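So the protein sequences, as listed, match chains A and B.
First residue of the first sequence: 257, per the numbering used here; consecutive thereafter.
First residue of the second sequence: 7, per the numbering used here; consecutive thereafter.
The block underneath contains the structure these notes are about, expressed in structure tokens.
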Amino acid sequence: MNYFELFDIPVQLKVDTASLSKKFFALSKQFHPDYFANETEQVQTDTLEKAALLNKAWKTFQSPDATIKYLLQEKGLLEEEEKYDLPPSFLMEVMDINELLMDSEEPGQLDEIKFSITNLENEIYAPVKDIIENYKDGISSEKELLQVKEYYYKKKYLDRLLREIK
Amino acid sequence: MSYSDKLIDHYQNPKNVGTLDKSKTNVGTGLVGAPECGDVMRLQIEVDEATGIIKDAKFKTFGCGSAIASSSLATEWLKGKSVDEAVTIDNMAIVEELNLPPVKIHCSVLAEDAIKAAINDYRQKNGLETLKFEESVIH
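Here you go:
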């Protein structure tokens, strides 16, 4: 059972967790071990597994990037530690920002760097925005998912930069 | 998990940090990244055109200590080697020299990829065919 089936929602690239929280709490209750104390060991184990899966799913859905990663993995389009080459122009931009960040001394410069990261983030999101927000399982193409994959990996570099700033 | 003294030394006192003029025809630049952690590494070689020997190598790495140490060591090894010899540097030699823990082996792969990219950039600039490399194995 995948995370989407568990929540009984369509397969999607962006999950609105605010509207899903009631369902999460209801399911958490449903799978709570206390209700199964008198059941057979098998039932207890199954329920515990479901509860664990539920928590994992919820944690994933709360992070947009983790949700994208999960769906791409489900589709067999992304593997842990795989090699993935991004366009050199993008790596160069990331390198430039990293260098600026390392050499920056005044707080004003930091704001400028944050600004350029936000810009770059918007730039990489723009071409996949529609795909991510309106994904339809079985209708959206693999080509579109691969575009999302490129976005996912690009975003990783920006995340690292933002972590550095903090 | 403990790191080796060599690794710590390369991390604390990295050798050959800097930039070479990438517009020069005898300078090859390799720029590579590791998407899972967002690390970026730029490694450059400057070749003596008369002898084909790498006379200088510089790097700049934004990443973890193992990535910095791997690229620092790589530049040390590159200097004095011919371009053809340099191709043979492989990541496992870096792993052994620095005693990298298994979870950090991908950092040495990144350094090897950077070397290859720099060599191919140099070859391309000088009208040589770019080399095809087999995929490095990540453990």
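Here a beta-carbon is modelled for each residue, glycine too, at the ideal position from N, C-alpha and C.
Note that the coordinates shown come from a computational prediction; the quantities given were computed from them, not determined experimentally.
- Message: Just to confirm the assignment: which complete beta strand (DSSP E) runs, minimum length 3, are found wholly within the region 21 to 107 of chain B?
- Response: 33 to 40, 45 to 54 and 59 to 68
- Query: Using Cβ-Cβ distances below 8 angstroms, what residues of the region 29 to 56 of chain B are close to chain A?
  - Reply: L37, V38, G39, P41, E42, C43, G44, D45, V46 and R48
- Query: Anyone know if the C-beta pair for B/G34 and B/Q18 falls short of 8 angstroms?
  - Reply: no
- Item | Own chain, CB closer than 6 angstroms to A/V350, minus 5 neighbours either side, in chain order | Y413
- Within chain A, the residues that B/F68 reaches when beta carbons sit closer than 9 angstroms: V350, M351, N354, E355, L357, M358, R416, L417 and E420
- Task: Assign B/T136 to buried or exposed, taking buried as 16 or more other Cβ atoms, counted over all protein chains shown, within 10 Å of its Cβ.
- Result: exposed
- Query: Is DSSP giving A/A293 helix, strand or coil here?
  - Reply: coil
- Residues near B/S8 by beta carbon distance below 6 angstroms, same chain, minus five either side: none
- Message: Please report the distance separating the alpha-carbon of B/S76 from that of A/Q365.
- Response: 30 angstroms
- Can you tell me which of the three DSSP states A/L424 falls into? The displayed coordinates of chain A run from 257 to 422. Any statement about residue 424 of chain A would go beyond what the structure contains.
- Message: Given a cut-off of 8 angstroms on the beta-carbon distance, is the pair A/F317 and A/L347 in contact?
- Response: no
- Message: Between the alpha carbons of B/V143 and A/S319, how many angstroms are there, rounded?
- Response: Reliability fails at B/V143, whose pLDDT of 49 lies under 50, so the model's placement of it is uncertain and the value that follows must be treated cautiously. When rounded, the distance between both Cα atoms is 31 angstroms.
- Message: Check for me: the alpha helix (DSSP H) holding A/N258 runs from which residue to which?
- Response: Neither: A/N258 is in no alpha helix (DSSP H) and is coded neither H nor E.
- Item | Neighbouring residues, chain B, relative to A/L347 (Cβ below 9 angstroms) | L37, V38, G39, V46 and R48
- Three-state secondary structure (DSSP) at A/L401? helix
- Looking only at C-alpha atoms, which of A/I421, A/K422 and A/R416 sits nearest to B/V46? A/R416
- What's the gap between the Cα of B/H145 and the Cα of B/E118? Below a pLDDT of 50, predicted positions are generally treated as unreliable, and B/H145, at 41, falls in that range; no measurement from the model is reported.
- Just how far apart, CA to CA, sit B/K28 and B/F65? 12 angstroms
- Do you know offhand how far A/I395's Cα is from A/Q268's? 12 angstroms
- Query: Can at least three beta-carbon pairs, one atom from the region 279 to 291 of chain A and one from the region 323 to 333 of chain A, be found at a separation below 8 angstroms?
  - Reply: no
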